[in-house]
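Chains as they are written, first to last, in this note's numbering: chain A, 1 to 270; chain B, 271 to 540; chain C, 541 to 1131; chain D, 1132 to 1722.
By construction, the Cβ of each residue, glycine as well, lies at the ideal position given by its N, Cα and C atoms.
Comments concern the structure below.
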Amino acid sequence: MKTPARRLAEKVQSIQESNVFNIRSGELPTWCPGCGYFGIHFGINNALQRLGLDHHQVVIVSGIGCAGRYPFFSNTYGHHTVHGRSLPVAQGVKLGNPNLTVLAVGGDGDGLGIGGGHFPHAARRNFDINYVLFDNSIYGLTKGQPSPSTPKGFKTKASPEGTVDQPLNATLLALSYGATFVARLFAGDPEGITTALMAGIRHKGFSFFHVYTSCVTFDKQFKTWNNLTNRVRPLPAGYDPADRRRAIERVLVDDDSLGIFYQEPPKGKE
Amino acid sequence: MKTPARRLAEKVQSIQESNVFNIRSGELPTWCPGCGYFGIHFGINNALQRLGLDHHQVVIVSGIGCAGRYPFFSNTYGHHTVHGRSLPVAQGVKLGNPNLTVLAVGGDGDGLGIGGGHFPHAARRNFDINYVLFDNSIYGLTKGQPSPSTPKGFKTKASPEGTVDQPLNATLLALSYGATFVARLFAGDPEGITTALMAGIRHKGFSFFHVYTSCVTFDKQFKTWNNLTNRVRPLPAGYDPADRRRAIERVLVDDDSLGIFYQEPPKGKE
Amino acid sequence: MNRIDLTIEICGLSGDGTIAAGGLLNEAMSRAGFSALAFDSYPAEIRGFGRCVTRSRFGFDRQIALENQTNLLISLDDEQSLSRLPFLAADAVVLFDNHPPSPVAEGKSIAGHARPAMSLFGAPFRDLAAAASGSAKGRNLAALGVLAGLLNLPVDAFRERIGKKFKSKGEKVAAGNIRSFDAGLEYVLKTYPDRLRPLPVPAAPAGQAEKVLWSGNVAIGEGALAAGLKNYFGYPITPATPIMEYLAARLPAKGGRVLQVEDEISAIGAVLGSFYTGARAMTATSGPGFALMTELITQAVSAESPAVIVDAQRGGPSTGLPTKTEQSDLLAAVFGGPGDTPRIVIAPTDVTECYHLTARAFPLAEKYQTPVIVLTDFYLDNRVENIERPSISADAVADALLKPAPDQAGSYHRYQVTPSGISPRALPGTPGFQHNITGLEHDERGVPDFSPGNHQKMSDKRDRKIQGALADLDPPEEYGDPGPLDVGVVAWGSTFGSALDAVQSARDQGLKVGCLKITALFPYHEDRIQAFMDRSKTILIPELNHSGQLNTLIGHLGRGRIVRLNQSTGIPLYPSTILGKIHELIGEDRS
Amino acid sequence: MNRIDLTIEICGLSGDGTIAAGGLLNEAMSRAGFSALAFDSYPAEIRGFGRCVTRSRFGFDRQIALENQTNLLISLDDEQSLSRLPFLAADAVVLFDNHPPSPVAEGKSIAGHARPAMSLFGAPFRDLAAAASGSAKGRNLAALGVLAGLLNLPVDAFRERIGKKFKSKGEKVAAGNIRSFDAGLEYVLKTYPDRLRPLPVPAAPAGQAEKVLWSGNVAIGEGALAAGLKNYFGYPITPATPIMEYLAARLPAKGGRVLQVEDEISAIGAVLGSFYTGARAMTATSGPGFALMTELITQAVSAESPAVIVDAQRGGPSTGLPTKTEQSDLLAAVFGGPGDTPRIVIAPTDVTECYHLTARAFPLAEKYQTPVIVLTDFYLDNRVENIERPSISADAVADALLKPAPDQAGSYHRYQVTPSGISPRALPGTPGFQHNITGLEHDERGVPDFSPGNHQKMSDKRDRKIQGALADLDPPEEYGDPGPLDVGVVAWGSTFGSALDAVQSARDQGLKVGCLKITALFPYHEDRIQAFMDRSKTILIPELNHSGQLNTLIGHLGRGRIVRLNQSTGIPLYPSTILGKIHELIGEDRS
Ligand SMILES: Cc1ncc(C[n+]2csc(CCOP(=O)(O)OP(=O)(O)O)c2C)c(N)n1
Ligand SMILES: Cc1ncc(C[n+]2csc(CCOP(=O)(O)OP(=O)(O)O)c2C)c(N)n1
Ligand code: SF4
Ligand code: SF4
Ligand SMILES: [Mg+2]
Ligand SMILES: [Mg+2]
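Here it is in structure tokens:
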């Protein structure tokens, strides 16, 4: 029987071999086979392709982590800054040259832990940047410590008795911070990522993409492919993303739906 | 006609002269006459007195700002750390000696700006500390720049055209972060502060107190005594603070009610 | 022509209008043609119960330093002013309110403590203002009127400045304030007609260049504007905040942006982001904020990102003395940050240099693709000097970006190893030059590479590049005798003015002394510094810090005796202190 | 007794089990009585396509450094192993898989590149393991079996260790893995009976103290536990993470807490909070995290708060070379942070000192009320040494808190100025001793005070206190001839072992050389260092950084010629490199 991870890895490989997209750089991703990041990579690349963006007009800013290595695998401009600071840098890039399409990408440790202080301000400032959070609920690159979004009870070397802290919900945070575009996505659904990215990049303002993903190497307990795949489902048909209050109310009771939770009608200030 | 600020200042003076509480230190507060902080000072002191806490069993940790000077005016132990770091230090104090009653105090710049990255984690970690945010929506000590909670359109030397960013709502944030006790209060209502503080200090877990207050010296536009006094009112009678979801829903539509928005039934982990 | 050297202090409690009066005095005197250098000191609390003191030194020649002897004191609050007594010249003139708003406490009157040779002039500042304008608030202006009458200063200059300052509060207030001033003026002329002490007024020199009364912070703002600053990112902190506020009022009109961000980490991050796209960007901060920037500064060194960072030093460590001056961030600026992180550190010594070094920091950052740290200090940021309006040629601040040759499209190497260590830099938006920059060690393409040879090569490159910047940094300037010196003073930052003043006095006294000004602190001109040291029998390094940080940095160059003169007081090192040390050293030497 | 000096490398691709095999080798050899020093190198990516190399040096005497000549290589991946060729001794032994899982690419076989004097031993690691255990995964163990057979190593030690290591994966896996080992063993005995190279095994010395095979990180954790650590606050970062993980498994049982917090600022903040209450606390980090702690470290200096901070250095600057070693944070540790911020910086040079210096950091921090920075580096953190289990007396780590006299209740002054600079410290919870600590400049009571005299007094006090700590810091240790030296080597940190090794070799060759070990980097023992330098014709300072940071710190003490030997390669400075330099210097000197 093929595991979901295996299936995804195969899918990703077939896509890679098909050469359908050329936005990847010559560098081979250093991620583990089966890592969810391949799916996100595919989703983002596809969105950039389909939007017809010139590669040289795109800047991807990232922090540190497995996710933070992203820019090296993409044939755009890339700014690999330090741990947790992708948002400040991305905002500087956007102000520096407003013609550029700016993405910030990074992991849950990067964005909700050490960089968590910048998130509210990037959201409320509402510059036209796109923040993709690769949320595997673990510190991957440092070999599997709990992260701010780790569910309770996660056992790692750093938490031998299991974690006890209430996890943070990045979708809820973005909404509370006043982000004007908020989507929740899944690495196992690259097409969904592509669709949301296209809408979010078109959105003039701060767009947040909360991507559920799996660290196949260090998490055998919670955010595994199996668990995630079994959980997620699309937002109900007819869901209206124009109401922030509704979006918050929904996210308080629903951890599993994917899609665009909120999009403010286009009038972003930057 | 007496201004509200004047009235408060007189009230505070009469209280000071009455010597009803001896928890103040020998140091005279360096705040401007009429500053809302006198009311908060009174509210906190009263709570400590009424709870019968020994002064030497209380540690007040603060960051930098007019609010940050608080510990110097109190006859407890005090740890005046750097800008934005009161929560990390306060958690260290609590783990160092769990018998101490630990308060963290500071301004909106301190807590939502530079220190905003620690707030989610202090909340979700749920140690038994009490965080009082003196929210005057301005950087007081540095002479009046906009803060993360400043309403749109605030004109200062640093924002000559008026501020444009969406302000942060600290009550909403605390709830989104999973804080187990959340109250919204007003410097002009020291008795309300006292009541909430007593409940929050008794609460075993992270208690957050969002105190509306006025910087009489630098804000003549928004959070003036007049504006605040006219706005605030108590939470409706019969409001049930046991439901976090309800609390969030309420705070999304109600910026003005004061009282305890949420209190998790006592089972905090620390 | 009489040489004028007049230091005037105004002292009061916060709320007395001390700082405002000092500002008006400086403006009016400057207007009248005097050269001025002034520096206020005030409490760190907004309405603490703190003392405010303004000190201004006036003369005909350019003023380069304050001295700690005051010739004339205006006391707006006697109790506070008592603390100034030790700093009054033996024959100082004291103006005081002989009917102040709250009665002076028993034994606290300045009149009761003045020394015999001092001259006292009492006047009812408050009553005069109240009578003239209906408000006692103008008592500081009445005091200025007394001063103007006593010294026979050009009163129109005062009236004009007062009118201008209060215009925004309405015609009525402005007129009332001018009347308060006039009331003081009339009072002194009437009351002390035979004790007046008219001061010679400088003749307006024909064709003199326009003069401006600028603080160091204004000069920094103007320097950045002159260099075409595009984006300013900041977080409020004393004494750097006025730079942000100054630019907030001016940069948007030039198409730029001033953004107050959530902390200093964000500020430096955004500066790096903006400069990455080629848009000049800057941040200004002080010690605590500078500390927070440490990590991203090291990243900028590794990623070879330009950045301009003003560190406006204040008393430290930590929150320290927010409204006091110190030069104690030097080693943090040069060595702060883990790893081998060479960067450029420069420090102006006066207001004019604040302008020039800030402006030039931009092309330096661009050319050498590195953070440039401009070290100022409270005494430099907040002093005002009236100076010829500085300007800088377009050339000197021209875009210094070295672009890659167009034919490198597709094969561009961001970190190409070159003899100079400088690699051509392509900006995002350029087709075919896509690349990554990173704080991971990387190969020439910018791809992570942790192999031994590569790390060595890249470390060499980064070091070579910064050492090469020496060619674009001002060499140390020597003052005084060109020959062998008994004492050679080596100074930097705001202390340099005092050192030069002291050396000039010592030379007037016939001593063989000289002075070296260092503005390039890293990299530094070893040979020039050593040459100066070598011709000094004793090298004196006066600094406003505790551990002698310049000495730690360059002391190894000295082959003779080095003597440190350090002071951790939060107040400037005065020329007299340095002069005293010179005397001591030469005395020792002779004995 | 034969002197054994054997360096064994295992090289493979990540996933080959290289690191596991190296670990087992070290354990088994240690068990068998050999002294060992081993150090692995692996890629910064989890599953990059990176090379893994373990290197172990074994002998009878204590091993103090690795050398860059390898005597025996086990190749688990030929393509990767080719890169190791330059580091193989001319007569090295190479064991390789002659039927590896994926065919070796054309021209990439190690056998095809070995130099003539080398001895090659091919064995089908994979097939042996597959046949013995049913899984090819055990090929690394089969390789160890080949090794054990070839060198006649004590096989029971291997079997026992393998069984133990895999116990957690079940009896079956463990037994299978032992069988894979045995298969390798039998294979070599059968295939190469006449080429075996039995190694003399050390006789188990009677009454020998218990030996442990510890990494520097384990020793740091144990040192902290020995000192009664109460709270550990950390944030993951290579190479410091294992300290947190080690303590997470042990501290709770002792009533302490390990808390992974949201960033390094929070970690140091919590350490300061905990120590404020008297509860010993620590954090460990590496360059990027250390940079973030800068501001709070300066605050701790001002507020006189104890803290223990391990900075496990890695290649810099910035994110740099996360899995490589370097000694480039020295100046940041000593000078990092705006303001005059004297603090204590100490650096162990081997695993045993990791234990002792960490343990002693706690009473030092307590007594001197200051941050104590323990500087280690990747090579020290991740090497393993088998050492006598260290222990420290209760006295040496006893509570060093100086409490105020009880009669000071009500009139207690937290920052009382004393001759030593140390003020009695009262803990929260003590009735009548309420006070504030602050990073604002303060008077003796802890109340903000920005007056000149007070700032001077408090700056003096803080400086005096730290200088006084010298009495409690190990003086530099001298090795080699006590008389005049042709070359005197001054070293710190992990480079010291290599320096000493080189000096021992040079002395064996009859050269007049010596070596100085410095573990107290701030404050440092000026007199002792100068005395050593003074008797050295040439002073050699080898360091694993680019700019010569120790030289920057103490170079001014040298009155003779100082020569730097710097390397920015991310790999250790080997004894042979230092020895080469010594030869060069002595040669120069003679010519
Ligand atoms: C200031 C700093 N602290 C710590 C680290 C070490 N570090 C590297 S990646 C990482 C966390 C990675 O977790 P996450 O952000 O979730 O990314 P992932 O690896 O899961 O993609 C940490 C702590 C660092 N590089 N810099
Ligand atoms: C790292 C750092 N940055 C900046 C400052 C300067 N600073 C002092 S107080 C303050 C803000 C005060 O605002 P707030 O926290 O709202 O407190 P308030 O004065 O309004 O009570 C700032 C920016 C500092 N002390 N440290
Ligand atoms: S460690 Fe986890 S997050 Fe990192 S590449 Fe591997 S699977 Fe992905
Ligand atoms: S400046 Fe504002 S916040 Fe500060 S003391 Fe004065 S009134 Fe209060
Ligand atoms: Mg993660
Ligand atoms: Mg505020």
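key: Chain-ordered chain D contacts of A:S159 [CB-CB under 8 Å]   = Neighbours of A:S159 across chain D, judged by C-beta separation under 8 Å: A1379, Q1391.
A:I201 vs A:N130 beta-carbon contact at 8 Å = Yes. Within cutoff.
key: 8 Å Cβ cutoff, C:V987 in contact with chain A   = Yes, because at least one Cβ of chain A sits closer than 8 Å to the Cβ of C:V987.
ask   = When the Cα atoms are used, what is the spatial distance from C:E925 to C:A605?
value = Here the alpha carbons of C:A605 and C:E925 stand approximately 10 Å from one another.
query = For D:T1626, which residues does DSSP report across the bridge?
reply = Residue pairing by DSSP places D:T1626 in no beta bridge whatsoever.
key: Nearest-angstrom Cα separation, counted from D:L1647 out to C:F579   = Near 51 Å, if we compare the C-alpha coordinates of D:L1647 and C:F579.
Neighbour list for B:Q327 in chain D, Cβ cutoff strictly below 9 Å = Within chain D, the residues whose beta carbon sits less than 9 Å from that of B:Q327 are P1559, G1560, P1562, listed in sequence order.
ask   = Given D:L1710, which residues of its chain have a CB within under 7 Å of its CB, disregarding the five upstream and five downstream residues?
value = The answer, listed in chain order, is A1633, S1636, A1637.
key: Under 8 Å from the C-beta of A:T142: neighbouring residues of chain D   = Taking the beta carbon of A:T142 as reference, the chain D residues within 8 Å of it are P1367, I1368, T1369, T1372, listed in sequence order.
ask   = Based on the DSSP output, what are the partners of D:W1090 in its beta bridges?
value = A question about residue 1090 of chain D goes unanswered here, because the residues of chain D that appear run from 1132 up to 1722.
query = Which residues, taken in chain order from the segment 340-371 of chain B, show a beta carbon closer than 7 Å to some beta carbon of chain D?
reply = Result list: P341, F342, N345, T346, Y347, G348, H349, H350, T351, V352, R355, P358, V359, A360, Q361, G362, V363, L365, G366, N367, N369, L370.
message = Closer than 7 Å to a non-hydrogen atom of ligand 2 - does that hold for the CB of B:I384?
response = The answer is yes for B:I384.
task = Can you check DSSP and say which residues form a bridge with C:V634?
result = In the DSSP output, where bridge partners are listed per residue, C:V634 has C:L613, C:L660.
inquiry  = In the DSSP output, what is D:L1390 paired with across the bridge?
reply    = Partner(s): D:F1364.
ask   = Could you give the C-beta distance for C:P740 and C:I544, rounded to a whole number, given that I count them as a contact under 8 Å?
value = Correct: roughly 7 Å between the Cβ atoms.
query = Name the residues in the segment 466-492 of chain B whose C-beta lies less than 7 Å from a C-beta of chain C; which are they?
reply = Per Cβ criterion, the list reads T487.
ask   = Looking at C-alpha atoms only, which residue of C:R929, C:R1004, C:S673 is the closest neighbour of C:A715?
value = Nearest of C:R929, C:R1004, C:S673 to C:A715, Cα basis: C:S673.
ask   = Since A:P120 contacts B:L438 with CB under 8 Å, what's their CB separation in whole angstroms?
value = Between A:P120 and B:L438, the beta carbon gap of about 6 Å places them in contact (Cβ cut-off 8 Å).
request  = Return helix, strand or coil for B:F456, following the three-state DSSP convention.
outcome  = Reduced to three states, the DSSP call for B:F456 is strand.
message = If you reduce the DSSP assignment to three classes, tell me which class D:M1413 lands in.
response = In this structure, D:M1413 counts as strand in the three-state DSSP scheme.
request  = Starting from D:Y1610, follow the beta strand (DSSP E) in both directions and report where the run begins and ends.
outcome  = Bounds of the beta strand (DSSP E) holding D:Y1610 are 1608-1611.
task = Taking the CB atoms as reference points, tell me whether B:Q436 and B:A392 lie closer together than 8 Å.
result = Taking 8 Å as the Cβ cut-off, B:Q436 and B:A392 do not qualify as a contacting pair.
key: Given 8 Å, three or more beta-carbon pairs between the segment 1584-1593 of chain D and the segment 342-350 of chain B   = Counting C-beta pairs with one atom in each stretch, the segment 1584-1593 of chain D and the segment 342-350 of chain B have fewer than three that are closer than 8 Å, which means they do not touch.
task = Indicate, with yes or no, if ligand 1 has a heavy atom lying under 7 Å from the CB of B:E534.
result = Distances taken from the Cβ of B:E534 to the heavy atoms of ligand 1 include none shorter than 7 Å.
request  = At 7 Å on the CB atoms, spell out the chain A contacts of B:I518, in chain order.
outcome  = Result: I248, L252.
inquiry  = Can you confirm whether C:T859, when its beta carbon is compared against all beta carbons of chain E, has any partner nearer than 8 Å?
reply    = Absence of chain E from the displayed structure is noted, the protein chains being A, B, C and D.
ask   = What does A:Y271 pair with, by DSSP beta-bridge criteria?
value = Here chain A has residues from 1 to 270 only, and residue 271 of chain A is not among them.
request  = Report yes if the C-beta of D:C1142 is less than 7 Å from at least one heavy atom of ligand 3; otherwise report no.
outcome  = Short note on D:C1142: C-beta not closer than 7 Å to any heavy atom of ligand 3.
ask   = Since C:L693 and C:A572 are thought to touch, with beta carbons under 8 Å apart, how far apart are those beta carbons, to the nearest angstrom?
value = That pair is a contact at about 6 Å.
inquiry  = So B:A444 and B:I530 are supposed to be a Cβ contact under 8 Å. How far apart are they, rounded?
reply    = Separation of the CB atoms of B:A444 and B:I530 is rounded to 12 Å, and the pair is thereby denied contact status at 8 Å.
Cβ distance (whole Å) where D:I1504 is taken to contact D:A1357 below 8 Å = That belief does not hold up - the Cβ atoms of D:I1504 and D:A1357 are roughly 19 Å apart, past 8 Å.
ask   = Taking the alpha-carbon positions, what's the D:N1085 to D:Y1499 distance?
value = Since the displayed chain D opens at 1132 and closes at 1722, residue 1085 of chain D lies outside it and no answer follows.
request  = Taking all protein chains shown into account, decide if D:P1247 is buried (16 or more other Cβ within 10 angstroms of its Cβ) or exposed.
outcome  = So D:P1247 counts as exposed.
Beta strand (DSSP E) segment containing C:L1056, residue limits = C:L1056 -> beta strand (DSSP E) spans 1053-1057.
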